[in-house]
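The structure appears below as structure tokens.
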Amino acid sequence: MERETLRHQIFSVSNRKEFNDLAVKIFHYQYKGNSIYHQFVDGLKKDPSDINSIREIPFLPVSFFKTHKVVTGDYPEQLVFESSGTTGMVPARHYIADPGLYEESFTRGFEMFYNSLKDYNIFALLPSYLERGNSSLVYMIEKLRWKSNQLFGGFYLNELDSLVLHLNEARDAGNKIILFGVSYALLDLVEKFSLNLQDALIFETGGMKGRRTELTRMELHNSLMQGFGVGSIHSEYGMTELLSQAWSGGEGIYHCPPWMQIMISDPNDPISLLDQGVSGGINIIDLANIDSCSFIATQDLGKVYNDGSFEVLGRFDASDIRGCSLLIA
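Using this note's numbering, you'd call the opening residue of the sequence shown number 164 and step up by one each time.
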């Protein structure tokens with residue numbers, strides 16, 4: 164009953180007080196029902212009864228998803244998402260008890276920033292994700308496609324000629340186009356073909372995968388803007404361990420839906436939070452992550468601005484390289 168009461172409130176959050184109050188309730192719920200998080204909080208010698216604000220809530224290092232089954236409650240998992248990575252790396256695993264919650268989160272989040280999915284034909288050039296199973300990104304885009312205009316679109320592995328043909332057909336039909344793509348595959352595409360998709364939304368999902376030399380975000384986006392004939396490159400900030408995403412309409416500035424918030428910690432003292440505009444470790448509160456852990460300390464560096472938007476600046480040197488690798492700005 165407690166879980167359902169909290170679940171019902173996630174997407175109705177509309178202001179900072181409501182976010183704070185629900186986050187604190189979810190913290191206490193997860194402290195009681197998540198043995199891994201419970202042990203982590205106790206290890207920090209935090210008294211849960213003293214926690215009444217999001218600034219006091221401990222953030223679980225994302226690496227725990229590689230070494231433990233991070234779940235709240237005893238609900239059977241319906242899906243298991245795995246992170247990508249190079250050969251020999253231990254993948255993170257996220258056990259999903261409620262796929263409908265994930266679908267509601269990414270659908271609401273997307274449409275909040277980009278309007279109805281029915282307006283778009285969605286294409287996906289994600290070879291490295293399609294070559295393995297259990298990708299949360301592939302799952303998300305597949306479900307978004309089901310809700311979209313499916314006259315054109317689909318997933319493409321390495322069929323660049325076919326992709327270009329169908330992109331041009333959708334453009335010539337006057338349809339709105341979204342193309343999600345792994346960074347190296349999008350670069351391969353624009354280097355091989357001359358494209359004119361000025362009204363399309365191009366989303367790069369990161370990931371050079373050792374296929375190319377890493378580029379700065381600006382270098383990558385400039386090449387893609389020129390190659391596709393668009394004025395900006397979009398992207399989403401998400402990860403296997405979360406159920407929500409932040410979205411960027413360009414220039415690497417991300418915006419969160421109301422049930423997600425970014426907080427920045429001191430890299431030398433992860434317990435200490437920093438002020439807005441100061442660079443540090445990215446911590447994420449994802450209220451939709453109610454069945455695992457809603458409070459995640461990532462291995463990414465960034466800064467938050469006054470309006471709640473944020474920028475990703477890179478990774479901690481000691482962290483594993485993410486499959487959805489975030490480019491150094």
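By construction, the Cβ of each residue, glycine as well, lies at the ideal position given by its N, Cα and C atoms.
DSSP state of residue i mapped onto helix, strand, coil
| i | result |
| --- | --- |
| residue 390 | helix |
| residue 178 | coil |
| residue 171 | helix |
| residue 275 | helix |
| residue 385 | helix |
| residue 231 | coil |
| residue 339 | strand |
| residue 256 | strand |
| residue 432 | strand |
| residue 199 | helix |
| residue 223 | strand |
| residue 416 | strand |
| residue 299 | helix |
| residue 207 | coil |
| residue 263 | helix |
| residue 280 | helix |
| residue 470 | coil |
| residue 351 | helix |
| residue 490 | Low per-residue confidence applies at residue 490: pLDDT is 38, beneath 50, and the placement is therefore not dependable, though the value from the model is reported in the following sentence. Note: residue 490 maps to coil in three-state DSSP. |
| residue 331 | helix |
| residue 362 | coil |
| residue 186 | helix |
| residue 326 | helix |
| residue 269 | helix |
Residue of the options minimising C-alpha distance to residue i
| i | options | result |
| --- | --- | --- |
| residue 236 | 261, 321 and 365 | 261 |
| residue 397 | 193, 181, 279 and 362 | 362 |
| residue 273 | 333, 412 and 379 | 412 |
| residue 280 | 347, 287 and 310 | 310 |
| residue 221 | 459, 174 and 166 | 459 |
| residue 456 | 466, 321 and 228 | 228 |
| residue 350 | 302, 242, 368 and 276 | 368 |
| residue 453 | 420, 327, 290 and 192 | 192 |
| residue 378 | 195, 477 and 177 | 477 |
| residue 439 | 461, 429, 433 and 469 | 469 |
| residue 359 | 380, 337 and 331 | 331 |
| residue 356 | 336, 195 and 390 | 390 |
| residue 263 | 466, 464, 451 and 463 | 451 |
| residue 342 | 297, 211, 323 and 364 | 364 |
| residue 414 | 395, 408 and 303 | 395 |
| residue 234 | 404, 381 and 320 | 404 |
| residue 302 | 417, 430, 406 and 232 | 406 |
| residue 231 | 218, 201, 219 and 241 | 201 |
For residue i, the residue or residues it bridges with in DSSP
| i | result |
| --- | --- |
| residue 367 | 344 |
| residue 405 | Residue 405 is not bridged to any residue. |
| residue 464 | 444 and 477 |
| residue 398 | 411 |
| residue 458 | 448 |
| residue 426 | 446 |
| residue 318 | 287 |
| residue 142 | Residue 142 falls outside the range modelled here, since the chain spans only 164 to 492, and no answer is possible. |
| residue 194 | The partner list for residue 194 (beta bridge, DSSP) is empty, contrary to what the question assumes. |
Residue i burial status per 10 Å Cβ neighbour count (16 or more: buried)
| i | result |
| --- | --- |
| residue 213 | exposed |
| residue 487 | Bear in mind that the predicted position of residue 487 carries a pLDDT of just 41, short of 50, making it unreliable; the figure below should be weighed with that in mind. Per the 10 Å Cβ criterion, buried. |
| residue 366 | buried |
| residue 489 | Only weak support exists for where residue 489 lies, its pLDDT of 39 falling under 50; the value from the coordinates is given anyway. Burial call: buried. |
| residue 255 | buried |
| residue 239 | exposed |
| residue 461 | buried |
| residue 257 | buried |
| residue 473 | buried |
| residue 325 | exposed |
| residue 284 | buried |
| residue 207 | exposed |
| residue 376 | exposed |
| residue 443 | buried |
| residue 446 | buried |
| residue 223 | buried |
| residue 296 | exposed |
| residue 354 | exposed |
| residue 328 | exposed |
Supposed contact pair residue j and residue i - C-beta distance, whole angstroms, cut 8 angstroms
| i | j | result |
| --- | --- | --- |
| residue 423 | residue 449 | 5 angstroms |
| residue 286 | residue 340 | 7 angstroms |
| residue 346 | residue 383 | 6 angstroms |
| residue 306 | residue 267 | Going by Cβ atoms, the distance from residue 306 to residue 267 rounds to 10 angstroms, so no, they are not a contact pair. |
| residue 300 | residue 293 | Contact flag wrong, Cβ pair sits at about 10 angstroms. |
Within-8 angstroms CB hit, residue i to chain C
| i | result |
| --- | --- |
| residue 452 | Of the protein chains in this structure there is only one, and it is not chain C. |
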